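The next block holds one structure in the form of structure tokens; read it before the comments.
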Amino acid sequence: MSNPAAPTETRAWSAPGPRRKARRFAVGYIGLVLAIALAYEIAGRPSALDATTALMSFPGTVLVLVAAVYPLVMLLGDSSGTEETGFSLLTPLFQGAGALANVLIVWGVLALVRHFRSEAHRSRDR
2 MSNPAAPTET RAWSAPGPRR KARRFAVGYI GLVLAIALAY EIAGRPSALD
52 ATTALMSFPG TVLVLVAAVY PLVMLLGDSS GTEETGFSLL TPLFQGAGAL
102 ANVLIVWGVL ALVRHFRSEA HRSRDR
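The following block contains the structure:
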């Protein structure tokens, strides 16, 4: 019998551990927001779900609106792109971008906390 090939190294994004669970949660959250927003759009935007779709990715949608949509409207000088009539895939994409912004906000806050915690441990060791 020949020796089996040496196992290849796993890539960083697929390495086991608690961060893998966080990545799965983040991807699941973004997918869930996209699915709900798409179902909301397909259903004809029922008024009963207006608050739900607005709150499911709240701070991120505001950031995307202020950082991307408003500057584009100001540069183009045309507000017809913000008015939606009928079925549009822009709303689910906008909600998904807001969910992605939320994930990036949480990631940034956790990275900042980890940095300060490691600096505190380093300063105590000296």
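Sequential numbering of the sequence shown, starting at 2, is according to this note's numbering.
In this text, a Cβ means the ideal position worked out from N, Cα and C, and glycines have one as well.
No experiment lies behind these values; they were computed from the predicted model shown.
- Closest in C-alpha terms to A40, from the list Y71, A23, A102, F88, comes F88.
- Here DSSP, grouped into helix, strand and coil, assigns P93 to helix.
- Using a 10 angstroms sphere on the CB of G97, the tally of other CB atoms reaches 16 or more, which defines it as buried.
- In this structure V34 touches A100 by the C-beta definition: roughly 4 Å separates them, less than 8 Å.
- Here L64 has A102 as same chain residues with Cβ atoms under 6 Å from its own Cβ, once five neighbours each way along the sequence are excluded.
- For P60, the uninterrupted alpha helix (DSSP H) run begins and ends at 59–65, by DSSP.
- Going by beta carbons, A44 and T54 fall outside the 8 Å limit.
- C-alpha of P60 to C-alpha of V67: approximately 11 Å in a straight line.
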